[in-house]
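Below is one structure, written out as structure tokens; the observations come after it.
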Amino acid sequence: MRRSIPVVAAALGLALTMSACSSDSSSGSDATTAPTTADTASASATTPTDGGTLTIWVDETRKKAVQDAASAFEKETGAKVTLVQKNFEDIKADFIAQVPTGKGPDITVGAHDWLGELTKNGVVAPIELGDKTSEFEPVSIQAFTQDGQVYGLPYAIENVALIRNTKLAKEAPKTWADAIKAGKAAKTKFPFLIQTSDQGDPYTYYPLQTSFGAPVFEQNADGSYNPKLAMGGDEGIAFAKWLAKEGEKGTKNLDTAITYDNATAAFAKGESPFIVGGPWMLDTFKGMDLSIDPVPSAGGKPAQPFVGVQGFYISAQSQNALLANDFLTNYMSTDEAQTALYEAGNRPPALISAAEKASSDPITAGFAAVGKDAVPMPSIPQMGSVWQFWGVTEAQIISGKVDATKGWNKMIDDINKAIGS
């Protein structure tokens with residue numbers, strides 16, 4: 404999985420996100436409020452001991468792990484579980500379209516940043532974790548929480564970090580300047596690799612942006628996001644000017660010609676000591692001596708990447724909501740199930756006990772350590788209106804096609820108009 408959010412967002416139906424999530428959207432007044440747990444439970448006539456059936460949407464990577472848990476569930480409860488394999492890129496849009504018609508699944512695999520759109524469309528129900536809540540990494544629960552309700556069972560945490568070829572760079576750089584200096588000392592083709600492309604990649608660039616003190620949205624006291632942009636002002640402009648300085652008309656350390664494919668290929672060939680990326684890249688780097696380090700700060704403040712959380716959602720229209728809740732809380736939240744999911748996708752588990760076991764691998768431990776200082780990617784509906792302007796603007800500044808200050812300020816204005824601020 405190439406965790407480039409603009410690409411992922413497009414594949415998941417970004418046009419739908421734009422119309423459904425923008426606060427000034429004509430469809431906003433028709434949005435349905437997701438039912439409460441009590442509503443969902445009372446609507447379900449099936450209890451975990453009555454047998455019953457569940458349909459689960461799952462992608463190819465996670466299918467075997469879910470099937471193993473489902474087999475144990477069937478044996479112990481008498482229930483019947485049907486797995487439907489789907490392309491991960493299709494799941495969100497299909498779930499939103501099919502749940503209201505009664506044709507969707509009882510459970511689907513998904514990402515936490517879908518939550519805003521799923522709740523806005525009334526297609527997802529809260530999940531009751533009870534005492535198990537404390538068994539999960541706090542950030543994973545926070546990511547699936549909206550208005551005090553938890554809407555997903557987390558199973559994996561993912562974030563970018565600095566992946567370092569230890570044969571080419573012996574020490575982790577603390578600052579961007581340190582990284583470039585070490586990269587040039589290595590005398591490789593590229594001192595530093597970060598995927599950009601002509602569409603930009605604000606997800607991968609986000610830790611560099613936060614090092615200037617320019618987070619995307621303001622956060623409330625409880626850590627949740629509110630829809631007021633926070634990446635404007637002096638801090639945002641400072642980041643934009645840095646992009647221009649390091650870009651194609653400056654130092655050329657940043658380049659829109661660098662894509663996911665050619666960046667990972669170059670790093671795998673030893674053409675750079677550093678690449679910013681996530682655990683989804685690791686299969687490409689098999690056999691290399693690697694260290695996973697924090698992304699170096701470019702602006703003087705801590706470089707905080709987004710943390711993404713993968714999990715399972717329960718349909719708001721499920722006729723077997725109690726059965727679905729039982730399956731997730733008692734069969735997909737075990738060490739065995741969470742470890743199987745980790746082994747299938749290389750993402751650190753969300754379950755603390757499974758994460759501790761997985762941390763015996765230094766690569767997994769490295770990503771997990773960086774993730775502890777990361778921030779959840781916003782799941783509020785307004786986030787859907789940010790991506791379309793954010794990445795392209797960064798790419799245009801890096802390429803020198805627009806002035807940094809003018810381009811960044813226009814982006815802020817465009818986003819504010821899109822979200823109705």
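Following my numbering, the numbering of the sequence shown begins with 404 at its first residue and continues without gaps. We put the CB at the ideal spot given by N, CA and C, even for glycine.
In this structure the region 663-675 lies against the region 564-581, because at least three pairs of beta carbons, one per stretch, are closer than 8 Å. Take S721, set aside five residues on each side of it, and the residues of its chain with a beta-carbon closer than 6 Å to its own are D509 and A727, in chain order.
Non-local C-beta neighbours of D658 in its own chain, meaning closer than 8 Å and more than five positions away in sequence, comprise T599, G650, E651 and I801, ordered along the chain. Bounds of any alpha helix (DSSP H) do not take in K652, whose DSSP letter is neither H nor E.
No Cβ-Cβ contact shorter than 8 Å links M786 with D604.
Nearest in C-alpha terms to W683, of all of A669, Y745, A660 and A706, is Y745.
Annotation: G513 to Q713 spans about 6 Å, alpha carbon to alpha carbon.
Residue environment analysis places D692 among the exposed positions, since fewer than 16 neighbouring C-beta atoms fall within 10 angstroms of its C-beta.
The region 639-650 and the region 732-748 do not touch, with fewer than three beta-carbon pairs separated by less than 8 Å.
Taking C-beta atoms under 8 Å as the contact rule, M634 and V710 fail to qualify, at a distance of about 18 Å. The DSSP-derived three-state label of V789 is coil. Straight-line spacing of the CA atoms in N723 and F730 works out to 11 Å. Checking the DSSP bridge columns, you'll see N568 partnered with L693. Per DSSP, G513 lies in no alpha helix (DSSP H); the unbroken beta strand (DSSP E) holding it starts and ends at I510 to A514.
The continuous stretches of alpha helix (DSSP H) do not include T456, which lies in the beta strand (DSSP E) extending over residues T456 to V461. For S600, the three-state secondary structure derived from DSSP is coil. The C-alpha of G533 lies about 13 Å from the C-alpha of G555.
Less than 8 Å divides the Cβ of L596 from the Cβ of F670. A residue is called buried when at least 16 other Cβ atoms come within 10 angstroms of its Cβ; V805 meets this threshold and is buried. Per the C-alpha coordinates, the member of W460, L518, G455 and R465 positioned closest to I783 is L518.
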